[in-house]
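What follows is a single structure, written as structure tokens, with notes after it.
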């Protein structure tokens, strides 16, 4: 069993690391790391999991993830097809709060950035939707000098803090589980649900994945995600239903069955509970 902890390569003479991810898809496993992560998605779309939030990511999303916040960018199925022309590109900064964070706290001009880093425990997102001055600067990090990269990092954090469109992702600040086994359990649970959401999953099924009794599993999940199993499963199913409503030509009933619902009325009810609107209204809004 590979651990959930993700090791970010370090650069000995730098206070931060710049990473550019390209390929067919992003890293598929729920993971965490002690570094704060600031990422601009240039290309790629799919399911976003940050702490207790399950949502969707898309090009020109700017994400700020606090230390040890579990997350995954799971690309849509089309990215994994053998003949797929889909690809992903993302630009990221990784840094530890005890290195740069100390500067932010001591420098009055950067006090607002220190506040932003505290908020990062929830995970933050700014949907840029289209290229702008900030994203264009971000895309040049590969050719920038270290000083210029640092200026890009500071400008991006400043832009996040000042933007009224910056949103919290996780409802509660994430607290790292004290036991490595809990990390592995949480990873296994999320990976199992994200892979099998279209099938029937009983409480006994998912509890066995975590190697717990059903009662102990419910307590474990509530402690680490603030959600019940049914809430978590419905959020995953509805997120995928939203994607199909936007991108496919299937009927609402076909989408409901494809996402694991055995009847349309239950799908309508759960969809409205998660999104605040009926599937038909969502379809009209996004068409």
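In the numbering used here, the protein residues as written are 15 to 301.
We put the beta carbon where it would ideally sit given N, CA and C, even for glycine.
Nearest neighbour of residue 261 by Cα position, chosen from 301, 275, 287, 290, turns out to be 301. It is roughly 16 Å from the alpha-carbon of residue 226 to the alpha-carbon of residue 239.
Beta-bridge annotation (DSSP): residue 51 is paired with 79, 108.
Between the alpha carbons of residue 207 and residue 247 lies a distance of about 7 Å. For the set 233, 136, 48, 292, the Cα lying nearest the Cα of residue 63 is the one of 136. In the three-state reduction of the DSSP assignment, residue 201 falls in the helix class, which pools H, G and I. The region 120-139 makes contact with the region 172-185, as at least three CB pairs between them are under 8 Å. In the pairwise beta carbon analysis, the region 123-135 is classified as not touching the region 143-159: fewer than three pairs are separated by under 8 Å. The alpha-carbon of residue 258 is positioned some 8 Å away from that of residue 264. Contact annotation, residue 104 with residue 35: C-beta distance approximately 5 Å; criterion of less than 8 Å satisfied. Between the region 74-89 and the region 167-177, the count of Cβ pairs shorter than 8 Å is three or higher; the stretches touch. By the criterion of a C-beta distance shorter than 7 Å, residue 288 is surrounded in its chain by 248, 249, 252, once the five residues flanking it on both sides are discounted.
Judged by DSSP secondary structure, residue 69 falls within the beta strand (DSSP E) whose first and last residues are 67-71.
For residue 220, the uninterrupted alpha helix (DSSP H) segment begins and ends at 217-223. Only residues of its own chain outside the window of five on either side were considered, and among them 34 have a CB closer than 7 Å to the CB of residue 156, listed in chain order. CA-CA distance, residue 61 to residue 203, rounds to 16 Å. Annotation for residue 33: the continuous beta strand (DSSP E) segment containing it runs 31-37. Of 57, 210, 106, the smallest CA-CA separation from residue 100 is found for 57. Ranked by Cα distance from residue 201, the first of 47, 28, 68, 84 is 84. For secondary structure counted as the alpha helix (DSSP H) over 4 or more consecutive residues, the region 219-253 holds these complete runs in sequence order: 228-239. Relative to the Cα of residue 254, the nearest Cα in the group 273, 205, 97 belongs to 273. When the beta-carbon positions are compared, residue 55 and residue 30 stay at least 8 Å from each other. The alpha-carbon of residue 52 is positioned some 7 Å away from that of residue 108. By the beta-carbon neighbour count (other beta carbons within 10 angstroms, threshold 16), residue 295 is exposed.
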